[in-house]
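Q: In terms of numbering that gives the first Met the number 0, the sequence shown has 96 at position 97, counting the first letter as 1, and numbering is strictly consecutive.
Beta carbons: idealized from backbone N, C-alpha and C, even for Gly.
Predicted model only: the values in this text are computed from it and were never measured.
One structure, pasted below without further comment.
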Amino acid sequence: MGEQRARVVFLVRVPAERTAAFLAAYEAIRHQVAGGVPGHLVDQVCRSSADPEQWLITSEWASLGDFEAWERSAAHRELVRPMRECFTDARSLRFHIHAQTASPAREAPATVAPRGA
């Protein structure tokens with residue numbers, strides 16, 4: 000069995016006066032990562048509904064090894080530097096995806112054998 004997919008979560012604080020720079024930096028790198036980093040599947044940036052300076056960046060990877068290889072690269076450090084310069088605090092968490100449930104509209108339709116087959 001191959002490696003499990005992984006979810007990487009960054010909980011960060013961005014002061015109100017740095018929000019525009021943070022979002023511009025995220026926008027500048029997100030398509031480069033999505034289109035060119037092996038193993039990257041999807042990412043999101045989310046803002047807290049209760050604290051406008053609290054942000055969550057989450058990404059899904061084919062494996063934790065793919066993320067860790069990207070994180071160790073000089074290209075990664077250079078690309079994310081403008082975004083990291085906006086943080087006053089950051090916490091990183093890494094998870095293996097154990098199970099996933101999607102709404103029926105997002106799941107592939109089940110194949111049903113015809114009656115009497």
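Would the beta-carbon of threonine 18 be found less than 8 Å away from any heavy atom of the ligand ATP?
A: The model on display carries no ligand, and the ligand ATP is accordingly not part of it.
Q: Suppose you measure from the CA of glutamate 52 to the CA of glycine 35; what does that come to, to the nearest Å?
A: 30 Å
Q: Excluding the 5 residues preceding and the 5 following isoleucine 96 in the sequence, name in chain order all residues of the same chain whose CB lies nearer than 8 Å to its CB.
A: Correct list, in chain order: Gln3, Arg4, Ala5, Arg6, Glu59.
Q: Closest to proline 37 by C-alpha separation, out of Ala61, Phe94, Leu78, Arg46, would be which residue?
A: Ala61
Q: Let me check one thing: in DSSP terms, what residues is histidine 39 bridge-paired to?
A: Trp60
Q: Between leucine 63 and phenylalanine 9, is the Cβ-Cβ spacing less than 9 Å?
A: No, they are not a contact pair.
Q: What is the DSSP secondary structure of histidine 30, reduced to helix, strand or coil?
A: helix
Q: Pick from Val32, Glu26, Gln99: whose alpha carbon is nearest that of glutamate 70?
A: Val32
Q: Beta-carbon separation of cysteine 85 and alanine 27 under 9 Å?
A: No, the pair does not count as a contact, with Cβ atoms beyond the cut-off.
Q: Use the C-beta contact count for alanine 74: other C-beta atoms within 10 angstroms, 16 or more gives buried, fewer gives exposed.
A: exposed
Q: Threonine 87 and valine 13 - do their beta-carbons sit closer together than 9 Å?
A: yes
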